[in-house]
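Residue numbers (this note's numbering): 31 to 633.
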């Protein structure tokens, strides 16, 4: 479906309830591996276009919040944000759209006072805690759907007093306009986005002053040892027809008729368990597990639900840069392999999200975006063929043969596309290339945009919409060898005996070609080769160890490559596995992009 910007509803629903003889719920850290040490606090954004780093999103939401700096919380009590990824190139709606103040006789008792504040993230929640003069305020934020977050505030005091709950916030988007609605207000943005704040308190009213709102409550509350519990649900709707369903869901959460909070806790406990080394609920924390936790959180934070032209859930490479707010092909295949360990359905949808953009010829776009009025899909090139690896990895974990059956014909079509459009001399060894004949797009297709091995390439035309480099790449053909193995495995479980035989024979033939033509026994490494005379492109990079990953190297060849990997003058550097031989004259580990810096997917 083509993306058509419709009315978006961003609703803030606030409910205030009194607990009955309840004690303040203290957050207890899970005995699972901690997932809470990987979010830093964030200075409040100075304007709407300020950078978006250290924000938290979950369940595919296109908006996020951040923890405020503990030392800069005198003037507000609330989470930073939201940051809207689907507003133009991304923008902060507010420094903090929901701020709490407590007032007695119109005077604040918490803003600007001495404080003891702690802000942190743990197990799927952002947390704020403030203590002042015997008063304690706890606030948490967690996602309950791709459209909604729940902000829960608890208030207790050593002594009893009467106060007004006061809510306020300021907008950063200059084009925004306030309007009053029943029990709340709405903000109209210039692109049609409508932000609504609805409060369940029937007596609440608001004052607006340019970009600021303040609540005027006609109801006072008694604060003391009896818990005061406040719930705020912030929701975003991308289609009008989804609004009623989401509001019904919101009401069920507010009245406690659904166990979404328990489900959320169970989900994050499952995440923590998935990275536990001994699969136990009590494990020791280690540096290795810390990296695993950071990796898991990075994946979850970049998860996006279907939106605009993106028809399935998938992941950004990075939410922090506007130009990465789409889905990339080879990133997606790698995401899927990681995701299947803790979110198998998301892993499947990540694969589907890219195959939604397979054209009639079988090619898959390099990268795709939700709104092509902002960023066009890139059909100038594709990316290395790793989708069969992703699908087979998902099958090994889930044993879902129906998913294999769904994707198998699409992978076959993509596999055949390479040989029809990227094998210039029809010898069974493919080259990277482009659809427009440009060298830059051909380099992009490799995923290693400015790698030294491509410094002297020329482009050769294959057909009306296909060009190849004059260079056959060892990593590409190793990926294709691995793909033949995975296709053979898939054909086996699907009972496609003819295909089993076909891919077995093709893999054996390609294996001999790679071993005999792309390996230099004189120095024990795999290289790209020139198309005309099959001479080696003598540059050592990660492409030379891909044959080991693919299982195409002989044992002797693998041993020789490992020697190079372990050589401190080549790849075993202080930070190991650089993208270029450290002894090469072009080696630039700081600013080289693909000419030295370490890329985790290659390491």
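All C-beta atoms in this analysis are idealised placements derived from N, C-alpha and C, irrespective of residue type, glycine included.
Presumed contact (8 Å Cβ cut-off) between residue i and residue j, rounded CB distance
| i | j | result |
| --- | --- | --- |
| residue 434 | residue 520 | 5 Å |
| residue 430 | residue 376 | Contact flag wrong, Cβ pair sits at about 14 Å. |
| residue 374 | residue 321 | Not a contact, Cβ separation roughly 22 Å. |
| residue 178 | residue 264 | 7 Å |
| residue 588 | residue 578 | 5 Å |
| residue 413 | residue 477 | 6 Å |
| residue 576 | residue 505 | 4 Å |
| residue 561 | residue 454 | 6 Å |
| residue 223 | residue 117 | 6 Å |
| residue 341 | residue 386 | 5 Å |
Cβ neighbours of residue i in the same chain (closer than 7 Å, five flanking residues each side left out)
| i | result |
| --- | --- |
| residue 56 | In this prediction, residue 56 has a pLDDT of 31, which is less than 50 and means its spatial position is unreliable; what the coordinates show is noted afterwards. Result list for residue 56: empty, nothing under 7 Å. |
| residue 631 | 364 |
| residue 464 | 410, 411, 471, 472, 475 and 497 |
| residue 290 | 174 and 283 |
| residue 90 | 176, 333, 334, 335 and 343 |
| residue 119 | 352 and 404 |
| residue 534 | 518 |
| residue 250 | 192, 193 and 194 |
| residue 479 | 473, 623 and 624 |
| residue 60 | Residue placement at residue 60 is poorly supported in this model, since its pLDDT is 39, which falls under 50; the coordinates still yield a value, given next. Excluding sequence neighbours, residue 60 sits near 153, 299 and 302. |
| residue 629 | 609 |
| residue 580 | 508, 509, 511 and 512 |
| residue 122 | 75, 78, 80, 111, 113 and 202 |
| residue 605 | 628 |
Which listed residue (the options) has its alpha carbon closest to that of residue i
| i | options | result |
| --- | --- | --- |
| residue 362 | 393, 398 and 274 | 398 |
| residue 74 | 318, 482 and 126 | 126 |
| residue 500 | 494, 507 and 486 | 486 |
| residue 543 | 325, 460 and 302 | 460 |
| residue 593 | 385, 201 and 611 | 611 |
| residue 155 | 596, 274, 613 and 85 | 85 |
| residue 234 | 395, 258 and 198 | 198 |
| residue 258 | 182, 414, 633 and 339 | 182 |
| residue 299 | 360, 372 and 207 | 372 |
| residue 512 | 417, 202 and 604 | 417 |
| residue 456 | 469, 540, 484 and 439 | 540 |
| residue 165 | 152, 132 and 196 | 132 |
| residue 108 | 229, 203, 135 and 196 | 196 |
| residue 644 | 493, 280, 292 and 481 | Any answer about residue 644 is impossible in this case: the structure gives the chain only from 31 up to 633. |
| residue 112 | 180, 163, 150 and 141 | 180 |
| residue 88 | 221, 72 and 349 | 349 |
| residue 124 | 273, 140 and 82 | 82 |
| residue 567 | 527, 582 and 547 | 547 |
| residue 358 | 415, 115 and 325 | 415 |
| residue 613 | 599, 452, 277 and 121 | 599 |
| residue 616 | 571, 537, 267 and 633 | 571 |
| residue 369 | 388, 325, 432 and 391 | 325 |
Sequence-distant residues of its chain with Cβ nearer than 6 Å to residue i (five each side left out)
| i | result |
| --- | --- |
| residue 503 | 462 and 558 |
| residue 167 | 160 and 185 |
| residue 437 | 421 |
| residue 618 | 625 and 626 |
| residue 393 | 412 and 447 |
| residue 356 | 397, 398 and 399 |
| residue 288 | 282 |
| residue 52 | Its pLDDT being 28, under 50, residue 52 is placed unreliably by the model, and nothing is read from it. |
Residue range of the unbroken alpha helix (DSSP H) whose run includes residue i
| i | result |
| --- | --- |
| residue 424 | 417-428 |
| residue 539 | 527-547 |
| residue 209 | No alpha helix (DSSP H) contains residue 209, which is instead part of the beta strand (DSSP E) from 207-211. |
| residue 520 | 504-523 |
| residue 276 | 273-284 |
| residue 382 | 374-385 |
| residue 473 | 469-476 |
| residue 610 | Looking at the DSSP string, residue 610 is not in any alpha helix (DSSP H), and its letter there is neither H nor E. |
| residue 323 | 317-331 |
Residues of its chain near residue i, where Cβ-Cβ distance is below 8 Å and the 5 sequence neighbours each way are ignored
| i | result |
| --- | --- |
| residue 255 | 186, 187, 188 and 190 |
| residue 294 | 154, 172, 173 and 174 |
| residue 215 | 208, 209, 226, 227, 236, 238 and 243 |
| residue 129 | 106, 107, 108, 197, 198 and 199 |
CB contact check: residue i to chain D, cutoff 8 Å
| i | result |
| --- | --- |
| residue 458 | Checking the listed chains, one finds no chain D in this structure; it contains a single protein chain. |
The beta strand (DSSP E) enclosing residue i, as first and last residue numbers
| i | result |
| --- | --- |
| residue 718 | With the chain covering only 31 through 633, there is no way to say anything about residue 718. |
| residue 158 | 155-162 |
| residue 433 | Residue 433 -> not in any beta strand (DSSP E); alpha helix (DSSP H) instead, spanning 431-451. |
| residue 461 | 461-464 |
| residue 295 | Not the beta strand (DSSP E): residue 295 falls in the alpha helix (DSSP H), residues 290-304. |
| residue 590 | Run containing residue 590: none in the beta strand (DSSP E); it sits in the alpha helix (DSSP H), 585-595. |
| residue 96 | 93-96 |
Discussion item. Suppose only complete runs of 3+ residues qualify. What are the beta strand (DSSP E) ranges in the region 334-368, listed by chain order?
Written reply: none
Discussion item. Restricting to runs no shorter than 4 residues, where is the alpha helix (DSSP H) found entirely within the region 166-225?
Written reply: none
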